[in-house]
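In full-length UniProt numbering, the protein residues as written are 1 to 314.
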């Protein structure tokens with residue numbers, strides 16, 4: 001074949017292919033349609049559009065003694081679409097005297113009065129001082145606080161010293177939020193709780209004990225994402241419907257949120273940051289959740305409990 005014949009026949013063949021492609025779909029019955037050619041690349045995922053479409057209450061945030069607080073926390077919240085933050089100044093001093101916890105609560109009161117549209121206040125106390133703690137509940141409630149902030153390690157949550165405090169909080173229909181820790185085991189064995197921890201740090205078993213004693217109480221177990229054994233926590237809490245877990249913490253283990261939902265149900269998780277803001281939003285969005293489940297965790301679960309005490313967010 002000479003060059004002219006090759007070009008002529010090749011051109012004719014290409015033309016026949018083009019005509020054939022254009023006529024697919026108009027051919028006789030029984031002829032299968034060809035798939036449409038791919039004309040575009042992968043669709044762009046707008047992450048911030050996804051972030052901003054959910055209403056959010058951060059159920060575990062903190063205020064600090066620094067000059068930039070709470071403005072720094074408010075800035076993070078604004079950029080991530082966090083409508084409300086429940087802030088407190090946790091009582092990280094010993095022994096946690098009445099003068100100390102009043103000072104810590106005054107810091108929170110000042111902040112919520114300055115930013116009432118964005119901040120909800122949680123108070124702290126020490127049940128070693130029974131009457132002073134009961135008086136502080138009244139003072140802080142009168143100032144507009146919605147419940148406890150992160151109660152700390154002065155006394156275990158199931159210590160009898162807490163009983164009159166918890167009974168008062170139940171009467172007020174307030175959420176009882178407490179710090180908790182659960183060290184990881186090694187080789188299938190649980191670690192002893194002696195790793196530089198305060199001796200009265202509450203552990204999951206303490207929450208189960210107090211939840212069993214007060215089934216009408218509403219207990220918020222802090223930060224399953226703080227690096228402890230979240231699988232053990234969720235398994236242990238499964239049969240105690242009045243224990244809720246907040247999702248805060250800077251650790252973002254794969255499957256943590258899915259695991260918590262599968263063991264506790266979608267109604268018992270609270271979105272929270274513990275001031276690790278973007279991590280805490282991201283772990284909810286990255287989980288295999290339905291739209292409704294995300295809405296519940298980000299906002300509805302906590303707000304529904306606030307409404308029971310007349311403190312809901314509109």
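We put the CB at the ideal spot given by N, CA and C, even for glycine.
These numbers come from a predicted model, not from an experiment.
Alpha carbon to alpha carbon, how far is residue 294 from residue 208? Give it in angstroms, no decimals.
Taking C-alpha positions only, residue 208 is separated from residue 294 by approximately 26 Å.
On the DSSP letters alone, give me the boundaries of the alpha helix (DSSP H) that residue 59 sits inside.
Where residue 59 is concerned, there is no enclosing alpha helix (DSSP H), although the beta strand (DSSP E) it sits in stretches over 57–62.
Using the C-alpha atoms, what's the distance from residue 200 back to residue 120?
Pairing residue 120 with residue 200, the inter-Cα distance amounts to about 27 Å.
So residue 257 is in the alpha helix (DSSP H); what residue range does that whole segment cover?
Residues 256–264.
C-alpha gap between residue 261 and residue 269, whole angstroms
Between residue 261 and residue 269, the C-alpha separation is close to 7 Å.
On the DSSP bridge list, what partners appear for residue 246?
Paired residue(s): 270.
Can you have a look at residue 85 and say buried or exposed, based on whether 16 or more other CB atoms are within 10 angstroms of its CB?
That one is buried.
For residue 231, collect the residues of the same chain with a Cβ closer than 8 Å to its Cβ; drop the 5 residues on either side in sequence, then sort them by chain order.
Excluding sequence neighbours, residue 231 sits near 259.
Which residues does DSSP list as the beta-bridge partners of residue 120?
Residue pairing of residue 120 in beta bridges, as defined by DSSP: 86.
Beta-carbon proximity check, residue 181 vs residue 228, cutoff 8 Å
Taking 8 Å as the Cβ cut-off, residue 181 and residue 228 qualify as a contacting pair.
Rounded to whole angstroms, what's the CA-CA distance from residue 108 to residue 148? Just pull it up for me.
Approximately 12 Å, taken between the alpha carbons.
Buried or exposed: where does residue 56 fall if 16 or more other Cβ atoms within 10 Å of its Cβ makes it buried?
Classification of residue 56: buried, given that the 10 Å Cβ count is 16 or more.
Residues sharing a beta bridge with residue 176, DSSP:
In the DSSP output, where bridge partners are listed per residue, residue 176 has 219.
Determine, using beta-carbon pairs with one atom in the region 90–100 and one in the region 294–312, whether at least three such pairs fall under 8 Å.
Contact fails: fewer than three Cβ-Cβ distances are below 8 Å.
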